[in-house]
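Trainee:
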Amino acid sequence: MKSALCSRFFILLPWILIVIIMLDVDPRRPAPQLTSRPYFSPHTVGCGGSRVPLRRSSLGRDAAEKRNESRPRLQPEPRLPTIYAITPTYSRPVQKAELTRLANTFRQVAQLHWILVEDRATRSELVSSFLARAGLPNTHLHVPTPRRYKRPWLPRATEQRNAGLAWLRQRHQHQSAQPGVLFFADDDNTYSLELFQEMRTTRKVSVWPVGLVGGRRYERPLVKNGKVVGWYTGWREDRPFAIDMAGFAVSLQVILSNPKAVFKRRGSQPGMQESDFLKQITTVEELEPKANNCTKVLVWHTRTEKVNLANEPKYHLDTVNIEV
Numbered sequence: 001m002k003s004a005l006c007s008r009f010f011i012l013l014p015w016i017l018i019v020i021i022m023l024d025v026d027p028r029r030p031a032p033q034l035t036s037r038p039y040f041s042p043h044t045v046g047c048g049g050s051r052v053p054l055r056r057s058s059l060g061r062d063a064a065e066k067r068n069e070s071r072p073r074l075q076p077e078p079r080l081p082t083i084y085a086i087t088p089t090y091s092r093p094v095q096k097a098e099l100t101r102l103a104n105t106f107r108q109v110a111q112l113h114w115i116l117v118e119d120r121a122t123r124s125e126l127v128s129s130f131l132a133r134a135g136l137p138n139t140h141l142h143v144p145t146p147r148r149y150k151r152p153w154l155p156r157a158t159e160q161r162n163a164g165l166a167w168l169r170q171r172h173q174h175q176s177a178q179p180g181v182l183f184f185a186d187d188d189n190t191y192s193l194e195l196f197q198e199m200r201t202t203r204k205v206s207v208w209p210v211g212l213v214g215g216r217r218y219e220r221p222l223v224k225n226g227k228v229v230g231w232y233t234g235w236r237e238d239r240p241f242a243i244d245m246a247g248f249a250v251s252l253q254v255i256l257s258n259p260k261a262v263f264k265r266r267g268s269q270p271g272m273q274e275s276d277f278l279k280q281i282t283t284v285e286e287l288e289p290k291a292n293n294c295t296k297v298l299v300w301h302t303r304t305e306k307v308n309l310a311n312e313p314k315y316h317l318d319t320v321n322i323e324v
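Numbering (full-length UniProt numbering), first residue to last: 1 to 324.
Dropping the structure here:
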């Protein structure tokens, strides 16, 4: 009898449980909404019923940090040192043509400031209007060369280069100087854009070859083991720095640290302007060879041929006044 009751009980027990579960479920109760993020209560009940703070999950923070680490961090680009190009200029038939060629080169050089110094008592309308249309950061200065120095065998542009140096020193007198490089860019030269890339890393004074100068195809510093040890030149090898004005650049900090370094008139021999200036700020041992250890020509002393104006009338006859 007992065995029969037990067997019937175990047969009915699963069905009884199913009925109880079905009666407990309310079909009208709305299902809980699923959320994209789990909700964490700021507190949880600990042992003994006391509420203790729940530590914030670090999963989200760790995931965000990993995402940030996977992305390349953009570093701010270092500011390029400014190249200050001092160009002396004077009135002549080819002046505008020379300046136009030079401006076309400078427009392709990043972070360049053009200091144009006229050999005049006042600014000329030609140069002023030219600079206004040049589209270049520039400073327009003027200073006349004394009449007694306008002789063929005397150095040119001394006063103009010194005026450019004075402007630079005055500009940075009351402020910390930004990285910069000074270059004397005469308007009768031709410059490769690669030259400006080379000079921009100048720490003190950098040097390189110059083409078509000194009666030779080129002149250059002689380099051994990364140091200048002499000069390949066709004129006055005894010069302390047998180099053309277009063959060196100077750090702006060096210019500011040597406020008395200028181009001299008194006591300076012809062709010695570069040496007289460089002796005041550096030594041959400190020179920094550029242009593949001074084996590449990146600037040429291409003097413009003297213009033939034999047929130009004495008085202007054209009905239109054209600026050349």
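From the three backbone atoms N, C-alpha and C, an ideal C-beta is built for every residue, glycine too. The model shown is predicted, which means the values in this text are computed figures rather than measured ones.
Quick check on residue 201: buried or exposed, where buried means 16 or more other Cβ atoms within 10 Å of its Cβ?
Mentor: When all chains shown are included, residue 201 counts as exposed.
Trainee: Return the CA-CA distance between residue 264 and residue 136, expressed in angstroms with no decimal places.
Mentor: Computed Cα separation, rounded: 30 Å.
Trainee: If you reduce the DSSP assignment to three classes, tell me which class residue 237 lands in.
Mentor: Residue state, collapsed to three classes: coil.
Trainee: Can you tell me where the beta strand (DSSP E) holding residue 298 begins and where it ends?
Mentor: Note, residue 298: premise wrong, no beta strand (DSSP E); not H, not E.
Trainee: Would a C-beta distance cut-off of 7 Å place residue 195 and residue 299 closer than the cut-off?
Mentor: Yes, the pair counts as a contact, with Cβ atoms nearer than the cut-off.
Trainee: Using a Cβ-Cβ cut-off of 8 Å (strictly less than) and excluding sequence neighbours within five positions of residue 314, which residues of its own chain qualify?
Mentor: Cβ within range, chain order: n/a, list empty.
Trainee: Taking buried to mean at least 16 other C-beta atoms within 10 Å of its own C-beta, is residue 47 buried or exposed?
Mentor: Unreliable placement is indicated for residue 47, whose pLDDT of 37 sits below 50; no coordinate value is reported for it.
Trainee: Could you give the residue range of the beta strand (DSSP E) that holds residue 184?
Mentor: Where residue 184 is concerned, the enclosing beta strand (DSSP E) stretches over 180–184.
Trainee: Could you name the residues that DSSP lists as bridge partners for residue 84?
Mentor: DSSP, once it has assigned bridges, lists 113 and 182 as partnering residue 84.
Trainee: Leaving out five residues before and five after residue 124 in sequence, what residues of the same chain have Cβ atoms less than 7 Å from its Cβ?
Mentor: Once the five neighbours on either side are set aside, the close Cβ partners of residue 124 are 91 and 118.
Trainee: How should residue 285 be labelled, buried or exposed, when 16 other C-beta atoms within 10 angstroms of its C-beta is the threshold for buried?
Mentor: Its Cβ having fewer than 16 others within 10 Å, residue 285 is exposed.
Trainee: Around the Cβ of residue 39, are there at least 16 other Cβ atoms within 10 angstroms (buried) or fewer (exposed)?
Mentor: Residue placement at residue 39 cannot be trusted, given a pLDDT of 34 that sits under 50; what the coordinates show is reported in the next sentence. It counts as exposed.
Trainee: Is residue 230 helix, strand or coil when you go by DSSP?
Mentor: Looking at residue 230 - three-state DSSP - the assignment turns out to be strand.
Trainee: Closest by CA to residue 132, which one among 246, 149, 122 and 114?
Mentor: When only C-alpha atoms are compared, the closest one is 114.
Trainee: Grab me the residues of residue 138's own chain with a C-beta within less than 8 Å of its C-beta, minus the 5 sequence neighbours each way, in chain order.
Mentor: Cβ neighbours of residue 138 beyond the five flanking positions: 113, 114, 115, 116 and 131.
Trainee: Going straight from the alpha carbon of residue 110 to that of residue 184, what length do you get?
Mentor: Approximately 17 Å between the Cα atoms of the pair.
Trainee: DSSP has residue 152 in a bridge; who is on the other side?
Mentor: Residue 152 is not bridged to any residue.
Trainee: Report yes if the CB atom of residue 108 is closer than 7 Å to the CB atom of residue 193, and no otherwise.
Mentor: Result yes, Cβ atoms of residue 108 and residue 193 sit closer than 7 Å.
Trainee: Does the Cβ of residue 203 have 16 or more other Cβ atoms within 10 Å, making it buried, or fewer, making it exposed?
Mentor: Residue 203 comes out exposed.
Trainee: What did DSSP end up calling residue 278 once you bin it into helix, strand or coil?
Mentor: It is helical.
Trainee: Hey, is the region 211–229 in contact with the region 162–180, meaning 3+ C-beta pairs nearer than 8 Å?
Mentor: Cβ pair count under 8 Å is below three, so no.
Trainee: Just reading off the alpha helix (DSSP H) that residue 158 is part of, what are its end residues?
Mentor: It spans 158–171 - the alpha helix (DSSP H) in which residue 158 sits, taken as one unbroken run.
Trainee: Considering only residues of the same chain and omitting the five flanking positions on each side of residue 224, which have a CB-CB separation below 6 Å?
Mentor: Nothing listed; no residue qualifies.
Trainee: What do you reckon, are the CB atoms on residue 85 and residue 208 nearer than 7 Å?
Mentor: In this structure, residue 208 does not lie closer than 7 Å to residue 85 by Cβ.
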